[in-house]
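K.L.:
Residue numbers (my numbering): 69 to 224. Glycine included, every Cβ here is placed at the ideal spot set by N, Cα and C. Handing you a structure now.
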């Protein structure tokens, strides 16, 4: 299986690339995803740009930490040469910094959590209902623990 992340902007440093790639490998294994090649795009943006996207796609006139845009059923080949185009994850770095500072969390740990949250949306997880949210949070906690990141939902 080959996982390719297409980074859409220049502000992504090598540490972030390594973290995201490692997280995807762990997530794919833990979630027992189909053994196929796939790609997704990641874009890191500021509050202003995220607010525009959130208004356009969710009709919320505020910034948010992550938006995910799935591209259909990831389990079916929908790309060229057998590559599954999973979708796009847009992460607001300003929001990640604010949240990590406010909650006394490590910036990279929080960024990794939000990236995984976005990825889980791409593969069909939701948190629209309490039961769905519990399932999604459980997967996040399990994957993050394998990456040596503490439970983001625990109180410190």
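Do you know whose CA, among 209, 179, 199 and 206, lies nearest residue 86's CA?
P.N.:
Your numbering for residue 86 matches position 18 in the chain shown. Among 209, 179, 199 and 206, the Cα nearest to that of residue 86 belongs to 179.
K.L.:
In the structure shown, what three-state DSSP assignment does residue 168 receive?
P.N.:
Residue 168 sits at position 100 when you count from the first residue of the chain shown. Correct three-state label for residue 168: helix.
K.L.:
Looking at residue 183 and residue 110, is the spacing between their C-beta atoms short of 9 angstroms?
P.N.:
For the purposes of this step, residue 110 is taken as residue 42 along the chain shown, with counting starting at 1. For the purposes of this step, residue 183 is taken as residue 115 along the chain shown, with counting starting at 1. In this structure, residue 183 lies closer than 9 angstroms to residue 110 by Cβ.
K.L.:
Is the CB-CB distance between residue 118 and residue 131 below 9 angstroms?
P.N.:
In the chain shown, the residue the question calls residue 118 occupies position 50. In the chain shown, the residue the question calls residue 131 occupies position 63. Result yes, Cβ atoms of residue 118 and residue 131 sit closer than 9 angstroms.
K.L.:
When you compare each of 139, 204 and 73 to residue 93 by their alpha carbons, which one comes out closest?
P.N.:
Counting from 1 along the chain shown, the entry for residue 93 is found at position 25. Closest option to residue 93, Cα to Cα, is 73.
K.L.:
Roughly how many angstroms lie between the CA atoms of residue 236 and residue 104, to the nearest whole one?
P.N.:
As displayed, the chain neither begins before 69 nor continues past 224, which places residue 236 out of reach and without an answer.
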